[in-house]
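Numbers in the numbering used here are just positions in the sequence shown, counted from 1, shifted up by 15.
Below: one structure, written as structure tokens.
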Amino acid sequence: MASPIRNRAWILPLYLEHIKNIEYPKNKIELLFVVNDSQDESFNLLTEFKKNHLEYINIRIEIYNRNAPVDKRDLNIRNNFIYTHLSKLRNYIMSKTKTDYLMFIDTDILVQPDIINNLLKSDKDIISGLIWNGHIVRPEKPYLFPNIMRINNKGYFEHIVTNQVKNAPSLPSSSLIRVDLTGAVIMLSRKVFKSIKYGFHPQGEDAHFCKMAQEKGFELFCDLGTFSHHIMSPEYLKKYLREK
């Protein structure tokens with residue numbers, strides 16, 4: 016499992032707690048955290064976690080600073096800097112990974128304990144869990160912006176919104192669907208992450224990766240029954256904890 020990390024001290028303890036609670040043998044898991052341009056206590060929190068959890072194969076904490084601007088969800092900054100920056104970080108992680116599978120779990124996502132077992136049993140080269148990304152722009156209907164998309168008849172990616180997506184947190188079992196774009200909490204087989212690279216796309220680095228994967232003949236899937244919480248800001252974290 017791996018993730019780039021920048022200024023995530025506000026959520027890292029909870030994120031790491033959910034990683035620790037994943038129901039999969041820890042002696043088969045390697046963790047790789049790439050700290051980039053971080054100015055808070057993220058590195059120290061990761062170091063403390065590594066010191067206290069020797070049961071993993073390995074926990075690697077690397078620093079890869081690129082002097083990228085802060086991602087404030089501004090479209091101009093994202094197009095000019097962030098998408099390329101994230102692509103380089105993810106490509107760096109893939110180049111350092113030697114395991115059979117690589118799972119990206121972004122550090123603002125809280126996963127369920129069964130996530131690895133659920134995604135592995137699908138036996139797919141590319142498969143994601145489901146998250147909702149609408150907590151800021153549509154807090155009353157966050158499911159309108161899931162991390163799964165299809166290409167429409169104009170050639171653009173658009174969100175997949177179904178009753179299953181809307182009711183994902185309460186789905187009783189796995190439910191796989193084909194998608195054209197996904198990311199954020201995604202499992203890749205070795206033959207994928209050693210042959211496909213991330214790059215710039217106006218709809219994000221995941222769009223470039225998924226497009227390249229499909230052009231090489233890989234199919235993309237999402238398990239709607241494997242739902243994770245996307246905690247998009249410190250303010251939303253407070254709301255989530257109150258509701259929890």
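Note that CB positions come from ideal geometry on N, CA and C, so glycine has one too.
| Item | Value |
| --- | --- |
| Residues sharing a beta bridge with ASN73, DSSP | GLU45 |
| The segment 56-67 in contact with the segment 94-108 per 3-pair CB rule at 8 angstroms | no |
| Same chain only: Cβ atoms within 6 angstroms of ILE74, ignoring 5 sequence neighbours per side | LEU46, LYS65 |
| CB-CB length for VAL50 against SER57, believed under 8 angstroms | 6 angstroms |
| CA-to-CA distance, ILE166 to LEU60, given in whole angstroms | 40 angstroms |
| Per-residue burial, ASP138 [other beta carbons within 10 Å of its own, 16 or more giving buried] | exposed |
| MET16 (DSSP reduced to helix, strand or coil) | coil |
| The segment 220-234 contacting the segment 147-158, beta-carbon criterion three pairs below 8 angstroms | no |
| Proximity to PRO249 [Cα-Cα], best of ALA17, SER18, MET16, PRO28 | PRO28 |
| Unbroken beta strand (DSSP E) run spanning MET109, endpoints | Here MET109 belongs to no beta strand (DSSP E); instead the alpha helix (DSSP H) covers 98-111. |
| Three-state class that DSSP yields for ARG257 in the structure shown | helix |
| HIS245, buried or exposed, once every other Cβ within 10 Å from all chains shown has been counted against 16 | buried |
| Reduced DSSP secondary structure (H/G/I, E/B, other) of LEU29 | helix |
| Per DSSP, cross-strand counterpart(s) of GLY144 | ASP238 |
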